[in-house]
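See structure below.
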Amino acid sequence: MKHKPYPIPEEDIIKVPKFEESAGFYTTKQRSKTMSKIRGKHSVPELLLRKALWAANIRFRLHRNDLPGKPDIVIDKYRLAIFVDGDFWHGYEWAKRKPKSNLGFWIPKIERNMQRDKFANESLGLMGYNVMRFWEHEVKQNLKACVNQIQLYIEAAQTGRVPGNDQ
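Quick note on my numbering: the sequence shown kicks off at 75 and runs consecutively.
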C-alpha cells in the first residue's frame, strides 16, 4: 500500500526554485561535478551503520518506498524506521551553518527537506512506527553509540516497554 505524499496544505509547502542560471543561480563546473556525485542512498555513514547492525545480528530492510520518507533502514519486527541524515542536506545546526552563496535556492531547499523530514516522522508515528534519526557526523564519530541506541530500543520492544509497539 503506497502512502499519500505530503498531505500538507499547498500554501504551507516551501517552494524550491529550479537551480539554473536563468533563475540567477550560478555554480562552477567543478562544483557541479562534485554535486552530481552526491546520492540519496547508500551513503558512507549509512553503509557504516548497516554493516554494524548486520554484525550485531540485527536484520533489516532498506529504503522502503511504501513508507513516508523512504527510511534508510526499517526493522519491521519492532516497527522501527531509521534515517541517516546528511548534516548539510537536512539542516544540522541550521541557524549557525547556512550556505554562503546561492541563498535564494539553498535556504528554501534545505528548509523544505526539514519540513519533509518532520512530515515523515509524524506520518510514520501515525502508522505505528518509532523513528530514529542519526546525523551523518554522529554515525561517523560514534558508530557504537548509534548501534547501542538501536539495540536498547530492540531490547525494550522485546520486553514490551516501548510505547505504541504491540509485541
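The C-beta atom is built at its ideal place from N, Cα and C for all residues, glycine as well.
Examine the Cβ distances between the segment 149-161 and the segment 203-213 and report whether three or more of them are shorter than 8 angstroms.
yes
CB-CB under 8 angstroms to D191, same chain, minus the five flanking residues each way: which ones, in chain order?
G143, F157, D159, H164, R207.
Just curious, the alpha helix (DSSP H) that L141 is in, first and last residue?
Per DSSP, L141 belongs to no alpha helix (DSSP H) and is neither H nor E.
Specify, as a first and last residue, the run of the beta strand (DSSP E) that I25 falls within.
Within the shown structure, residues of the chain are numbered from 75 to 241, placing residue 25 beyond reach of any answer.
Whose CA, out of P145, K172, I132, G114, lies closest to the CA of K151?
I132
Please look up how many angstroms separate the CB atoms of F134 and L127, rounded, as I've assumed it's under 8 angstroms.
Right, their Cβ atoms sit about 6 angstroms apart.
How many Å lie between L198 and I149 at the Cα?
If you draw a straight line from the Cα of L198 to the Cα of I149, it is about 13 angstroms long.
Can you tell me the Cα-Cα spacing of Q223 and E229, whole angstroms?
In this structure, the straight-line span from the alpha carbon of Q223 to that of E229 is close to 10 angstroms.
How big is the Cα-Cα spacing for D240 and L226?
For D240, the predicted structure reports a pLDDT of 49, less than 50, and the residue's modelled location is therefore unreliable. A value from the coordinates is still provided. Between D240 and L226, the C-alpha separation is close to 17 angstroms.
Tell me the residue span of the alpha helix (DSSP H) that contains A194.
177-200
Can you tell which of D86, A194, W168 has its C-alpha closest to the C-alpha of D146?
It is A194.
When DSSP builds the beta bridges, which residues end up paired with F208?
V158
Compute the Euclidean distance between the alpha carbons of A231 and A129, then round it to the nearest angstrom.
20 angstroms
Can the beta-carbon of R171 be found less than 9 angstroms from the beta-carbon of F179?
no
Could you name the residues of the same chain whose beta carbon sits closer than 6 angstroms to that of Y203, not counting the 5 residues immediately before and after it, in chain order?
Only residues of its own chain outside the window of five on either side were considered, and among them R153, A155 have a CB closer than 6 angstroms to the CB of Y203, listed in chain order.
May I have the straight-line CA-CA distance separating I181 from P173, to the nearest angstrom?
Taking the straight line joining both Cα atoms gives about 8 angstroms.
What are the boundary residues of the alpha helix (DSSP H) that includes V236?
No alpha helix (DSSP H) holds V236; DSSP gives it neither H nor E.
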